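What follows is a single structure, written as structure tokens, with notes after it.
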Amino acid sequence: MTTALAAAARDHAAEAAGVAECLENHRLQCPCAGGETTTTTTTTTTTVDAAMARHEAVSVAIREQLEAQQRVTAAHAELDQVQALLTAALAEHGFDAIAEVRSALMSSDQRSQLRARCDAYEQAWAAARAVVDDPSLQTARDAPEPDLPALATARTDARAALLEAASAETLTRRTLDSLHRVATSLVPRCAAVGRAQAEHESLRELADVVAGTGAANTLRMRLSAFVLAARLETVVALANERLTTMGEGRYQLRHTDGLAARGARSGLGLEVLDLWTGQARETSSLSGGESFMASLALALGLADAVREEAGGFDLQTLFVDEGFGTLDDDSLEQVIDVLDGLREGGRAVGVVSHVAELRTRIAAQVVVDKTERGSTVRLRVADEASPAA
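Numbering that gives the first Met the number 0 numbers the first residue of the sequence shown as 0 and each following residue consecutively.
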């Protein structure tokens, strides 16, 4: 458009220049343009008519010149306006010159592709519009707005549950395959279950006898306890020989296979027979001194039983640790007499005690003295004392 306007302006300027040249020629050639008035009687009507025709032509040319000048001015104004609009349009769309616009124009192929995309968009828009106009969507649009945070949380929980279910399914399939393999391997083994079960029943009965858990074993006595019960009776018989001396003949120990309370295992129990009252009672009813004498008698009876079963091999050394402080004077005297009897029989008897009365009855003593600098050990024989390391 700018090029066309510039061409029109050039045409108007050329036309104006031509009119100006015609006026100048008329001024130079026309007799009336000289400023002097010449009246001649010889002028013919033809000459006057010709002059008037030229004046009319000049008037027409002047009017056309003025109109052409106005058109040129209007064209220049329109050109300036169009140039301003063009500059603004270029700036608005990021162009600096019209040449950039020409270079940015799409080719016919690009315009065809763009038109095809526009057609596709219009079709997609029409399809989307058809979906939007669906009555069910209209109803959903008019419904209350959903709680999106709650739905998002539910979606997250559902996805987690789906993953967990998928993992469980995978694990279940693996387990099922493993069970199928196990079942296949167990088929030939099941044929031997009957024989194994019969053998198991026999072994279980034998195990119940050994462990003392059979239904017929009311005492719940193990086989080992049954064997020990027989030896315990021997030990008790030998222990009673010592206890008779230490207890002035009042107490006797007796083996009992009575049923223990609360379903406890039975068969190796002991009870005390009080010969003065003729009553049997539990060993827990003995006093501290009486319990010590009974324990010492059992220990000595066990040593005697070992010697008999070992073909005369004797336990040459015995140690008695504490317990003497629970005895009264008479019982202490009787216990020491029994220990002296063992010593006279060739056995070495060691006594660990803090009872002062024992110092006068035991000739050879190992004494431990405690001091601020530590403890020392010394050996004392009879009334003589000699330090030892």
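The C-beta atom is built at its ideal place from N, Cα and C for all residues, glycine as well.
As the structure is a prediction and not an experimental result, all values here were calculated from the model.
| Item | Value |
| --- | --- |
| Buried versus exposed, by CB contacts within 10 Å (16 or more), Val271 | buried |
| Distance CB(Val234)-CB(Leu297) smaller than 8 Å | yes |
| Glu371, buried or exposed, once every other Cβ within 10 Å from all chains shown has been counted against 16 | exposed |
| Burial state of Glu35 (16 or more Cβ within 10 Å) | With a pLDDT of 44 at Glu35, under the threshold of 50, the modelled position of that residue is not reliable, and no figure is offered here. |
| His179 in three-state terms, based on DSSP | helix |
| Under 8 Å between C-beta atoms of Thr316 and Arg360 | no |
| Burial state of Leu299 (16 or more Cβ within 10 Å) | buried |
| Buried or exposed (CB count within 10 angstroms, at least 16 for buried), Tyr120 | exposed |
| Sequence-distant residues of its chain with Cβ nearer than 7 Å to Arg241 (five each side left out) | Ala296, Leu299, Gly300, Val337 |
| Environment of Ala76 [buried if 16+ CB atoms lie within 10 Å] | exposed |
| Beta strand (DSSP E) segment containing Leu274, residue limits | Element bounds for Leu274: n/a, residue is neither H nor E. |
| Pick from Gly340, Asp146, Val305, Asp328 that is closest to Ala355, judged by C-alpha positions | Asp328 |
| Collapsed DSSP secondary structure at Glu198 in the structure displayed | helix |
| Selection from Gly340, Asp339, Gly373, Val319 that minimises the alpha carbon distance to His353 | Val319 |
| DSSP-derived helix/strand/coil call for Asp368 | strand |
| Contacting residues, own chain, Cβ-Cβ under 7 Å from Leu84 (five flanking each side not counted) | none |
| Test item: CB-CB of Leu252 and Gly288 under 8 Å | no |
| Helix, strand or coil at Gly268 according to DSSP, with G and I counted as helix | strand |
| Burial state of Val130, where buried means 16 or more other Cβ atoms lie within 10 Å | exposed |
| Same chain only: Cβ atoms within 7 Å of Leu237, ignoring 5 sequence neighbours per side | Gly300, Asp303, Ala304 |
| Test item: CB-CB of Arg249 and Leu285 under 8 Å | no |
| Thr138: first and last residue of the uninterrupted beta strand (DSSP E) it sits in | Counting along the chain, Thr138 falls outside any beta strand (DSSP E), though it belongs to the alpha helix (DSSP H) covering 134-141. |
| Start and end residues, alpha helix (DSSP H) containing Leu326 | From DSSP, Leu326 is part of no alpha helix (DSSP H); its letter is neither H nor E. |
| Proximity of Gly340 and Met292 at Cβ, strictly below 8 Å | no |
| Short Cβ contact (8 Å threshold) for Leu378 with Val365 | yes |
| Same chain, Cβ closer than 6 Å to Asp447, neighbours up to 5 away in sequence not counted | Because the chain is modelled from 0 through 388, residue 447 falls outside the range shown and cannot be assessed. |
| Sequence-distant residues of the same chain with beta carbon closer than 6 Å to Gly262, five excluded per side | With a pLDDT of 49 at Gly262, under the threshold of 50, the predicted position of this residue should be treated as unreliable, though the coordinate-derived value follows. Closer than 6 Å at Cβ, skipping near neighbours: no residue. |
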